[in-house]
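Asks: Please read through the structure below; I'll follow up with questions.
Protein chains in written order, with the numbering used here: chain X, 146 to 274; chain S, 27 to 346.
Here you go:
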């Protein structure tokens, strides 16, 4: 979808961006699609296995339902429009060059040292096991 | 050229050293405004000083002096500026301008995209103008505000599962403050200033930290408990980083306050937690007044340098 301006060997697309693209394809379709059909509509030289991975990840997130069709699965979006729209939005924003401008996160990533420090502060009962 | 032209170039380095202590010392709202205003004034003042240096050197070139109707002899006798220095200043000013324009462009397009995406989200059924937060079905622990008119808060189901109802309120109050107080504009201004003058980078980082603190304190006030807010941030950060097993534990209690020496090297999240566990921030006049004075001094120095150059040029023009 956004592949046109990406030369070969360019930095990989953000995972969220691919998920959003796959989701958009499925939402535009009136019926459930197999990974092969999604691959055709996505274009852009993606590997079949990449598409399968994306679709199963979206399924794991509860974004897609899947139906057995022959030997493969076919996928369709579940009907949670606001959540899906937000997910799609995330994909678009992740691809922004200045993405830290638009996403002010509640918590930033922790370094291992910070994680230890916080565990001590919290006296986390789960830290032992 | 007087000492004044150098002050706007040196003071940003001092401000860079003071930025993080200021963000931790002052009440977050005050710190944010102070740092953002300082960043803008220092960026403008330092670019102005570079411009003065470049221009002062340029008028020593006979061709430029003649074009401006100035006497070269008068210029040379009044101000022994060096040409290499002027060329360097001019190159730095050009680089600063290009970097600032590029940063402004990138940030504007990012914010416009965010706004458009917010609008598209609003067209999804069940989402109305009044919808404040949208929950995404995702095991990942994440929450963020997407700025726009109106802004929208996005929370993953993983984040909700990691928090108790009271802690969810803290999270929402925090993100609501980001949206309501337009924190992305402070961040944008800071990044723009830092693009024009990389010495101001630490100010932009400190502003990023102090808007988080601002939202933390507001969330703590809304929840009526600073320890609760501290625990929410710590839990959310750990859940976002840790194995899923951690998320089941809701009965965590706050233990010891980390020592200041440990915190100096810590990242923003432990420092935010420690700040909430410590006493509420209060206004300290001495660092505030010192900073205002320092920044004003930089700005006035740049103005004085420009006035000085202007007087020299007028003198040289009258001496033709």
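For each residue, glycine too, the CB sits at the ideal point set by N, CA and C. Predicted, not measured: the structure shown is a model, and the values here were computed from it.
Are the segment 196-203 of chain X and the segment 160-168 of chain X in contact at 8 Å, needing three or more beta carbon pairs?
Replies: Yes, they touch.
Asks: Roughly how many angstroms lie between the CA atoms of residue 34(S) and residue 211(S), to the nearest whole one?
Replies: Here residue 34(S) refers to the residue found at position 8 of the second chain. Here residue 211(S) refers to the residue found at position 185 of the second chain. Residue 34(S) and residue 211(S): Cα-Cα distance of roughly 25 Å.
Asks: Give a yes or no on whether the minimum CB-CB distance between residue 241(X) and chain S is below 8 Å.
Replies: Looking up residue 241(X) in the first chain gives position 96. Chain S, which has a Cβ nearer than 8 Å to the Cβ of residue 241(X), makes this yes.
Asks: For a cutoff of 8 Å on Cβ pairs, would you count residue 259(X) as touching chain S?
Replies: Counting from one through the first chain, the residue named residue 259(X) turns up at place 114. At least one chain S Cβ lies under 8 Å of residue 259(X).
Asks: When you compare the CB of residue 163(X) with every CB in chain S, is at least one pair closer than 8 Å?
Replies: Translated into positions along the first chain, residue 163(X) becomes position 18. Chain S, which has no Cβ nearer than 8 Å to the Cβ of residue 163(X), makes this no.
Asks: Could you tell me which uninterrupted alpha helix (DSSP H) segments, each at least 4 residues in length, are contained entirely in the segment 195-265 of chain X, listed from first to last along the chain?
Replies: The segment 195-265 of chain X contains these whole alpha helix (DSSP H) runs: 226-239 and 244-247.
Asks: Should the segment 219-230 of chain S be called in touch with the segment 47-66 of chain S, which here means at least 3 C-beta pairs below 8 Å?
Replies: The segment 219-230 of chain S, when compared against the segment 47-66 of chain S, does touch it at the 8 Å Cβ threshold.
Asks: When DSSP labels each residue in this structure, what does residue 182(S) get in the three-state scheme?
Replies: Position 156 of the second chain holds residue 182(S). Here residue 182(S) sits in strand by DSSP.
Asks: Rounded to whole angstroms, what is the Cα-Cα separation between residue 305(S) and residue 297(S)?
Replies: Residue numbering aside, residue 305(S) sits at position 279 when the second chain is read from its first letter. Residue numbering aside, residue 297(S) sits at position 271 when the second chain is read from its first letter. If you take the alpha carbons of residue 305(S) and residue 297(S), they lie about 13 Å apart.
Asks: Under a Cβ-count criterion, where at least 16 other Cβ atoms within 10 Å of its own Cβ denotes burial, should residue 194(X) be classed as buried or exposed?
Replies: Looking up residue 194(X) in the first chain gives position 49. Classification of residue 194(X): exposed, given that the 10 Å Cβ count is below 16.
Asks: Which residues does DSSP list as the beta-bridge partners of residue 170(S)?
Replies: Within the second chain, numbered from 1, the residue matching residue 170(S) stands at position 144. Its beta-bridge partners are 250(X) and 180(S).
Asks: Would DSSP call residue 345(S) helix, strand or coil?
Replies: Position 319 of the second chain, counting from 1, holds the residue named residue 345(S). DSSP places residue 345(S) in coil when its eight states are reduced to three.
Asks: Please name the residue, chosen from 307(S), 196(S), 336(S) and 146(S), that lies closest to residue 57(S) on a Cα-to-Cα basis.
Replies: The sequence position of residue 57(S) within the second chain is 31, counting from 1. Nearest C-alpha to residue 57(S): 307(S).
Asks: Mind pulling the chain X residues with CB within less than 8 Å of residue 257(S)?
Replies: Reading the second chain from its first residue, position 231 is the one you call residue 257(S). What residue 257(S) touches in chain X: 267.
Asks: Is DSSP giving residue 159(S) helix, strand or coil here?
Replies: Taking the first residue of the second chain as 1, we reach residue 159(S) at position 133. The answer is strand: DSSP assigns residue 159(S) an E or B state.
Asks: Please identify the residue among 339(S), 91(S) and 328(S) whose C-alpha is closest to the C-alpha of residue 28(S).
Replies: Taking the second chain and counting its residues from 1, one reaches residue 28(S) at position 2. The residue with the shortest Cα to Cα distance from residue 28(S) is 328(S).
Asks: Establish whether the CB of residue 293(S) and some CB of chain X are separated by less than 8 Å.
Replies: As a working mapping, residue 293(S) is identified with position 267 in the second chain. Interface residue, yes.
Asks: CA-CA distance, residue 149(S) and residue 126(S)?
Replies: By 1-based counting over the second chain, the position of residue 149(S) is 123. By 1-based counting over the second chain, the position of residue 126(S) is 100. Going by the C-alpha atoms only, they are around 35 Å apart.
Asks: Where residue 215(S) and residue 181(X) are concerned, what is the direct C-alpha to C-alpha distance, given to the nearest angstrom?
Replies: Counting from 1 along the second chain, the entry for residue 215(S) is found at position 189. Counting from 1 along the first chain, the entry for residue 181(X) is found at position 36. Going from the Cα of residue 215(S) to the Cα of residue 181(X) covers about 46 Å.
Asks: Do the segment 73-88 of chain S and the segment 238-246 of chain S make contact, defined as three or more Cβ pairs closer than 8 Å?
Replies: Verdict: no, contact absent.
Asks: Who are the near neighbours of residue 55(S) in its chain, counting only those whose CB is closer than 7 Å to its CB and skipping five residues on each side?
Replies: In the second chain, the residue the question calls residue 55(S) occupies position 29. Excluding residues within five positions, the ones whose Cβ falls inside 7 Å are 240.
Asks: CB-CB under 6 Å to residue 136(S), same chain, minus the five flanking residues each way: which ones, in chain order?
Replies: Numbered from its first residue, the second chain carries residue 136(S) at position 110. Answer for residue 136(S): no residue qualifies.
Asks: Please report how far the alpha carbon of residue 256(S) lies from the alpha carbon of residue 293(S), in whole angstroms.
Replies: One-based indexing of the second chain puts residue 256(S) at position 230. One-based indexing of the second chain puts residue 293(S) at position 267. If you take the alpha carbons of residue 256(S) and residue 293(S), they lie about 15 Å apart.
Asks: Short of 8 Å in beta carbon distance, which residues of its chain neighbour residue 203(X), apart from the five on each side in sequence? Order them along the chain.
Replies: Walking along the first chain from the start, residue 203(X) turns up at place 58. Excluding positions up to five away in sequence, the list reads 164, 167, 168, 209 and 220.
Asks: Looking at C-alpha atoms only, which residue of 211(X), 192(X) and 207(X) is the closest neighbour of residue 178(X)?
Replies: The sequence position of residue 178(X) within the first chain is 33, counting from 1. Checked all of 211(X), 192(X) and 207(X); the closest Cα to residue 178(X) is 211(X).
Asks: Which residue's Cα is closest to the Cα of residue 81(S): 311(S), 109(S), 300(S) and 236(S)?
Replies: Residue 81(S) sits at position 55 when you count from the first residue of the second chain. For the residues 311(S), 109(S), 300(S) and 236(S), the minimum Cα distance to residue 81(S) belongs to 109(S).
Asks: Relative to chain X, which residues along the segment 328-343 of chain S have a C-beta separation below 9 Å, given in chain order?
Replies: Flagged: no residues at all.
Asks: Cβ closer than 7 Å: which chain S residues qualify as neighbours of residue 216(X)?
Replies: Taking the first residue of the first chain as position 1, residue 216(X) is located at position 71. Per Cβ cutoff of 7 Å: no residues; residue 216(X) is ~28 Å from chain S at best.
Asks: Within the chosen definition, does the segment 256-263 of chain X reach the segment 159-166 of chain S through at least 3 CB pairs nearer than 8 Å?
Replies: Contact fails: fewer than three Cβ-Cβ distances are below 8 Å.
Asks: Ordered along the chain, which non-local residues of its own chain (more than five positions away) have a Cβ less than 7 Å from that of residue 186(S)?
Replies: The residue labelled residue 186(S) in the question sits at position 160 within the second chain. Excluding residues within five positions, the ones whose Cβ falls inside 7 Å are 161 and 194.
Asks: Return helix, strand or coil for residue 178(X), following the three-state DSSP convention.
Replies: In the first chain, residue 178(X) corresponds to position 33, counting from 1. Three-state DSSP puts residue 178(X) in a strand.
Asks: Residues of chain S with CB under 8 Å from residue 264(X), in chain order?
Replies: Counted from its first residue, the first chain places residue 264(X) at position 119. Those are 264, listed as they occur along chain S.
Asks: Starting from residue 31(S) and walking both ways along the alpha helix (DSSP H), at which residues does that stretch end?
Replies: Indexing the second chain from 1 puts residue 31(S) at position 5. No alpha helix (DSSP H) contains residue 31(S), which DSSP labels as neither H nor E.
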